[in-house]
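So the sequence shown is numbered by the UniProt record's numbering: it starts at 1 and just counts up by one.
Take a look at the structure below.
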Amino acid sequence: MQDANEQADGATLRERVQRLAPSPRCIADTGLGETLLAELLCKHLLDAGALDLPRMASRLRLPGIVLDEVLNGLRQDGRIEVLGQGQGQTLRYGLTERGREATRDALQRSGYLGPAPFAVDAYRSLLRLQTVHASRVDRQAIREAMRDVVLSDDMLDRLGVALNSNRALMLYGPPGTGKTFIASRLIRLFEEAIWVPHAIAIDDAIVPIYDAQIHRRLEDDATRNNLLLGEGIDRRLACCLRPQLRVGGELGMDQLDIRHDPVARLFHAPLQLKAANGLFVIDDLGRQRMPPEQLFNRWIVPLEEREDFLNLGGGRHCSLPFDVLLVFSTNFDPLDLADGAFLRRIGHKLHFGHPDAQAFERIWRMESTRLHIDFDPALLAYVLNELYAPSGMPLSPCHPRDLLNMACDRRRYFHGAGGPRCEDLAWAWQNYFIQHETEQGERPWARAASASSHFRCCSDSAQPGSPTTGSTAV
1 MQDANEQADG ATLRERVQRL APSPRCIADT GLGETLLAEL LCKHLLDAGA
51 LDLPRMASRL RLPGIVLDEV LNGLRQDGRI EVLGQGQGQT LRYGLTERGR
101 EATRDALQRS GYLGPAPFAV DAYRSLLRLQ TVHASRVDRQ AIREAMRDVV
151 LSDDMLDRLG VALNSNRALM LYGPPGTGKT FIASRLIRLF EEAIWVPHAI
201 AIDDAIVPIY DAQIHRRLED DATRNNLLLG EGIDRRLACC LRPQLRVGGE
251 LGMDQLDIRH DPVARLFHAP LQLKAANGLF VIDDLGRQRM PPEQLFNRWI
301 VPLEEREDFL NLGGGRHCSL PFDVLLVFST NFDPLDLADG AFLRRIGHKL
351 HFGHPDAQAF ERIWRMESTR LHIDFDPALL AYVLNELYAP SGMPLSPCHP
401 RDLLNMACDR RRYFHGAGGP RCEDLAWAWQ NYFIQHETEQ GERPWARAAS
451 ASSHFRCCSD SAQPGSPTTG STAV
């Protein structure tokens with residue numbers, strides 16, 4: 001894969017980010033108003049009681065030279081006072097009564113208490129600079145990323161082409177065919193460092209962006225400097241790996257726009273903004289709380305114009321680059337979910353079907369290795385000939401993992417240790433699939449003991465409490 005962190009001019013992404021967002025040396029360099037910074041600093045003083053300059057710098061992620069300018073304005077306004085010297089002979093600051101009253105008023109307007117936000121205009125430039133679409137995926141990279149996945153060469157190449165297209169991707173097919181598993185591994189192709197603001201300022205609204213549950217923080221040694229010196233990349237940006245965010249049936253329309261919590265007086269960023277410059281997977285498409293048409297309509301303009309238009313309420317709007325690798329995954333027929341206008345904007349629609357016997361064996365071998373059990377071809381033959389063939393159940397990539405895990409659970413329960421046998425897998429089969437009761441017939445594990453000798457499986461005697469009524473798998 002071509003390294004997205006280095007361009008033709010030889011500059012790394014870190015160097016280009018530092019040119020775009022160097023550590024500020026005055027209030028004007030932050031792109032923020034003095035009132036916003038003063039109110040935020042006073043909130044921290046109210047929260048902590050008293051702070052010295054290094055602790056302020058750590059809390060607000062701003063260098064001391066900028067904070068000195070803010071402190072001077074607050075002292076002239078009579079909102080802060082010097083409380084004496086702290087450790088290291090640094091001055092400690094606290095709020096005056098006037099400052100406390102003004103800060104309580106500020107908290108009624110905004111409950112945000114965190115690092116200083118990044119200006120929204122600079123954030124637009126940052127999103128474009130770090131675009132997830134800058135990387136080029138090649139055949140070697142896609143095979144390395146999917147090294148623990150059983151896929152045909154044709155499907156691997158189709159995935160690689162789709163990822164290079166800068167367009168959305170839809171994975172569809174029957175349940176259990178590996179769509180979610182594949183989607184979750186696409187981020188391996190984009191494991192690069194980017195810089196994410198702790199929050200952004202849109203006029204007087206502060207919207208948190210960094211989310212510890214989504215953004216995997218990196219230690220960026222090149223930007224770990226003395227906060228008082230004002231060197232390196234702006235410390236309001238956190239160095240992280242490109243994010244991966246996956247949502248399913250719980251997704252609601254309110255999560256796709258900026259939300260305001262009137263109780264906490266906080267804004268919440270939409271999910272696609274938290275996934276910006278990364279991978280955004282919408283799983284179980286068609287099972288969300290809103291009709292598919294409503295969800296698709298939300299994406300038509302961003303997919304077409306690469307710009308997302310967000311509503312902050314009160315007549316305030318903001319547009320930001322729509323820079324995510326958007327992946328849809330569904331068990332439904334795409335034609336039942338969306339019209340041609342939307343499907344055209346997706347571009348690549350990849351169908352995942354049931355594997356053949358050869359691919360199924362490769363998956364079975366991989367799962368056996370993962371569970372630290374020996375691969376037994378006779379055991380697999382029993383499963384294929386005595387369980388799948390009579391029932392007509394199609395092979396599925398998720399079955400080896402689930403059946404082997406359940407069979408191992410039973411083996412540990414009755415015998416404490418050892419690899420699974422035929423009757424264990426027959427028992428797992430009967431408990432994994434939904435059963436229809438029949439008037440006659442026996443459970444598969446009741447036949448396993450006699451069949452095991454034919455398939456050279458070591459079977460044990462029937463265990464107490466084994467069911468005996470007949471059923472067929474569906």
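Cβ atoms here follow ideal geometry from the backbone N, Cα and C, with glycine treated the same way.
Note that the structure is a prediction, hence the values are computed from the model and not measured.
Any chance you could list the beta strand (DSSP E) runs of at least 3 consecutive residues sitting entirely within the region 110-174, in chain order?
169-172
Taking only beta-carbon atoms, is ASP356 less than 8 Å away from chain D?
The question asks about chain D, but that chain is absent: this structure has only one protein chain.
Can you pull the DSSP bridge partners for ASN311?
HIS317
Relative to the C-alpha of MET170, which residue among ASP153, ARG344, ALA21 is closest?
ARG344
Starting from the Cα of TYR388, find the closest Cα among LEU126, THR369, GLY353, GLN430 and give me that residue.
GLN430
Just tell me which of THR177, SER329, ASP77, GLU39 has its CA closest to the CA of HIS399.
THR177
Status (buried if at least 16 other CB within 10 Å, exposed otherwise) for GLN244:
buried
Quick check on DSSP: helix, strand or coil for LEU228?
Interpretation of LEU228 is limited by its pLDDT of 45, a score under 50 that renders its predicted location unreliable; no figure is taken from the coordinates.
Start-end ranges of the alpha helix (DSSP H) lying completely within the region 340-397, minimum 4 residues:
340-346, 357-370, 377-382
Could you spell out the range, first to last residue, of the alpha helix (DSSP H) harbouring TYR413?
399-415
If you follow the beta strand (DSSP E) that GLU81 is part of, which residue opens it and which one closes it?
80-85
Closest to ALA284 by C-alpha separation, out of ASP257, VAL383, THR180, would be which residue?
The sequence given here places Asp at residue 284; Ala does not occur at that position. That would be THR180, whose Cα lies nearest to the Cα of ASP284.
Look up ALA205 in the DSSP assignment and say whether it is helix, strand or coil.
strand
Take the Cβ of PHE352 as the centre, count every other Cβ of all protein chains shown within 10 Å, and call the residue buried at 16 or more, exposed below.
buried
Cα-Cα separation, ASP424 to ASP376
14 Å
Return the CA-CA distance between GLN85 and ARG55, expressed in angstroms with no decimal places.
13 Å
Would you check if the region 205-221 and the region 261-281 touch, i.e. whether three or more CB-CB distances between them fall below 8 Å?
yes
Closest to ALA212 by CA distance: which of PHE433, ILE258, ALA275, ALA134 is it?
ALA275
Helix, strand or coil for LEU279, going by three-state DSSP, please let me know.
strand
Given a cut-off of 8 Å, decide if LEU127 and PRO321 are closer than it, judged by their beta-carbon atoms.
yes
Quick test of the definition: if touching needs 3 or more C-beta pairs under 8 Å, does the region 102-116 touch the region 137-147?
no
Using the Cβ count rule (16 or more neighbours within 10 Å means buried), how would you classify GLN130?
buried
Endpoints, beta strand (DSSP E) assigned at ILE214
Per DSSP, ILE214 belongs to no beta strand (DSSP E) and is neither H nor E.
Residue(s) in a DSSP beta bridge with GLY94
GLU81
Indicate the three-state DSSP secondary structure (helix, strand or coil) for LEU46 in the structure shown.
helix
Alpha carbons only, please: which of ALA106, ARG185, SER391 is nearest the one belonging to ILE142?
ARG185
Quick one: residues in its chain with C-beta nearer than 7 Å to the C-beta of GLU361, no 5 flanking neighbours on either side, listed in chain order?
LEU380
Please determine whether the Cβ atom of LEU285 lies at a distance below 7 Å from any heavy atom of the ligand NAD.
Absence of the ligand NAD is noted for the structure shown, with no ligands found whatsoever.
The alpha helix (DSSP H) spanning LEU271 covers which residue range?
271-274
Suppose the cutoff is 6 Å on Cβ atoms and the five residues either side in sequence are ignored; what does the same chain contact list for LEU337 look like?
GLY286, PRO292
Among GLN272, ALA357, CYS408, whose alpha-carbon lies nearest the alpha-carbon of GLY418?
CYS408
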